[in-house]
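In order, the protein sequences belong to chains A and B. With the first letter of the first sequence counted as 1, position 11 gets the number 11 in UniProt numbering; the numbers rise by one all the way through. With the first letter of the second sequence counted as 1, position 113 gets the number 113 in UniProt numbering; the numbers rise by one all the way through. Glycine included, each C-beta is placed from N, C-alpha and C at the ideal position. Notes to accompany the following structure.
Protein chains: 2
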Amino acid sequence: MGFASEDQNRREKDVAAELSPPLSGRINDYENGGDELLLTPPLNFAMVDSGIFRSGFPDTANFSFLESLELRSIIYLCPEPYPQHNVEFLKLHGIHLFQFGIEGTKEPFVNIPEDKVREALKVAIDVRNHPLLIHCKRGKHRTGCLVGCLRKLQRWCLTSVFDEYQRFAAAKSRVLDQRFMELFDVSDFKHSALPPIS
Amino acid sequence: MGFASEDQNRREKDVAAELSPPLSGRINDYENGGDELLLTPPLNFAMVDSGIFRSGFPDTANFSFLESLELRSIIYLCPEPYPQHNVEFLKLHGIHLFQFGIEGTKEPFVNIPEDKVREALKVAIDVRNHPLLIHCKRGKHRTGCLVGCLRKLQRWCLTSVFDEYQRFAAAKSRVLDQRFMELFDVSDFKHSALPPIS
């Protein structure tokens with residue numbers, strides 16, 4: 001550890017330069033593309049963890065951006081069929097679709113099927129499926145619940161799980177979603193459902 | 001690409017199982033720790049990209065969580081000296097501190113020093129400094145501006161840059177921060193300031 005003055009703020013160490021493929025790849029693209037070629041992430045897009053992204057429903061305007069993620073899989077949390085344009089995008093890029101049809105509901109009739117979230121979580125943490133995008137319609141409730149359960153598995157305290165959920169759901173935050181996350185039991189994942197660690 | 005039924009939703013492919021070290025490491029810790037050992041990310045914590053995180057000011061309650069990130073560097077965007085507890089945490093874990101003292105201001109007196117943001121951005125995109133945490137006090141304005149400039153370098157359209165900024169700044173969003181990001185010229189980074197790509 002050391003304090004660097006702002007003049008000395010770049011380390012000239014013997015640390016080997018390592019690549020951060022998604023970041024460097026995407027910055028590097030900038031050199032090859034023109035300034036005018038802007039990318040449009042889907043609504044409510046964010047990185048959840050290495051190899052896991054979240055968003056609202058991607059449409060054709062987002063496809064160039066999605067290409068830059070080099071996705072291997074998508075977890076889609078709505079019951080409606082996937083639109084034809086999106087199906088074609090997936091086919092073109094060899095992306096595997098995992099669909100877990102969870103109905104979009106409004107309070108007080110929120111009823112999140114725990115079994116589907118549990119199955120989706122197994123897919124999400126399986127590194128063989130990464131890089132992976134989790135999305136529903138707006139990236140708020142269904143996606144927020146699944147990510148919240150993942151955070152519990154990562155041992156985040158509930159305050160932080162809810163804080164993250166609320167950042168995406170904003171004015172649409174639902175107490176019943178938060179109760180679902182609070183009650184979701186991750187102990188099953190401790191022994192049986194973890195991805196192979198090598 | 002293929003559609004899997006929910007029963008067939010796990011691929012049994014010849015894809016080699018690959019590790020996503022931060023995620024699997026942190027999930028794996030769950031097996032070794034007790035259920036009661038919860039982690040508390042700092043206020044407004046999020047992953048920006050592979051190897052880059054953002055947050056508000058971390059305090060001692062967040063140290064266990066920060067350990068799990070295995071940070072190599074921190075970019076600290078406030079002029080105030082780093083608290084002694086935090087200095088000790090950095091020393092203990094060999095984390096390098098890059099401080100760029102940007103005053104916290106309130107509109108209409110927002111004056112973001114572009115040279116400091118530019119220097120901080122060089123540090124942020126240098127993969128030799130990763131994993132890296134960017135933080136200021138609340139993780140809203142100074143951190144939001146730096147991350148916004150990074151997104152421009154990644155060719156995100158301004159709408160998406162502002163959407164992300166607002167997700168963290170929420171009710172405290174500042175038009176002058178957004179103007180700063182809009183005017184920030186990333187063309188310098190195209191040729192000179194990129195990390196070595198190998």
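Whole-number beta carbon distance between residue j and residue i, since they are thought to touch under 8 Å
i, j, result
"T143 of chain A", "R54 of chain A", "5 Å"
"L158 of chain B", "L121 of chain B", "Going by Cβ atoms, the distance from L158 of chain B to L121 of chain B rounds to 17 Å, so no, they are not a contact pair."
"G51 of chain A", "L133 of chain A", "Actually they do not touch by this definition, with Cβ atoms about 10 Å apart."
"G56 of chain B", "P42 of chain B", "5 Å"
"S160 of chain A", "T40 of chain B", "6 Å"
"P58 of chain B", "H135 of chain B", "7 Å"
Proximity below 7 Å, CB of residue i to CB of residue j
i, j, result
"V147 of chain B", "V48 of chain B", "yes"
"L153 of chain B", "F189 of chain B", "yes"
"F45 of chain A", "F63 of chain A", "no"
"R167 of chain B", "R138 of chain A", "no"
"I125 of chain A", "I95 of chain A", "no"
Nearest-angstrom Cα separation, counted from residue j out to residue i
i, j, result
"P185 of chain B", "L37 of chain A", "Checking the sequence shown, residue 185 of chain B turns out to be Asp, not Pro. Each residue's alpha carbon lies about 15 Å from the other."
"K172 of chain B", "K140 of chain B", "8 Å"
"F61 of chain A", "L77 of chain A", "Reading off the sequence shown, one finds Ala at residue 61 of chain A, where the question assumed Phe. Computed Cα separation, rounded: 20 Å."
"L183 of chain A", "W156 of chain A", "14 Å"
"C145 of chain B", "I112 of chain A", "37 Å"
"M181 of chain A", "F65 of chain A", "30 Å"
"P67 of chain B", "N129 of chain B", "Correcting the residue identity first, residue 67 of chain B is Glu in this sequence and not Pro. Going from the Cα of E67 of chain B to the Cα of N129 of chain B covers about 16 Å."
"V127 of chain A", "K106 of chain B", "44 Å"
"Q178 of chain B", "G101 of chain B", "20 Å"
"Y30 of chain A", "E164 of chain B", "Bear in mind that a pLDDT of 48 at Y30 of chain A, under 50, signals an unreliable position, so the model cannot answer this."
"G104 of chain A", "D115 of chain B", "47 Å"
"V87 of chain A", "P83 of chain B", "52 Å"
"L69 of chain A", "K91 of chain A", "15 Å"
"F162 of chain B", "R174 of chain A", "25 Å"
"E119 of chain A", "L176 of chain A", "20 Å"
"H85 of chain A", "A170 of chain A", "29 Å"
"V123 of chain A", "H93 of chain A", "19 Å"
Beta-ladder partner(s) of residue i, from DSSP
i, result
"Q99 of chain B", "B:Y76"
"M181 of chain A", "Beta-bridge pairing links M181 of chain A to no other residue."
"D49 of chain A", "A:I52"
"H135 of chain A", "A:S55, A:Y76"
"L39 of chain B", "A:W156"
Margin query: Please identify, using Cβ separations under 9 Å, the residues of the region 43 to 73 of chain B that lie next to chain E, in order along the chain.
Written below: Given the protein chain composition of this structure (A and B), no chain E is represented.
Next item on the list: Return the residues of the region 165 to 188 of chain B that lie within a Cβ-Cβ distance of less than 9 Å from chain A, sorted by chain order.
Entry: So the close ones are R167, F168, A170, V186, S187.
Next item on the list: Could you please tell me which residues of the region 139 to 158 of chain B, in chain order, have their CB closer than 7 Å to any CB of chain A?
Entry: So the close ones are L153, Q154, R155, W156, C157.
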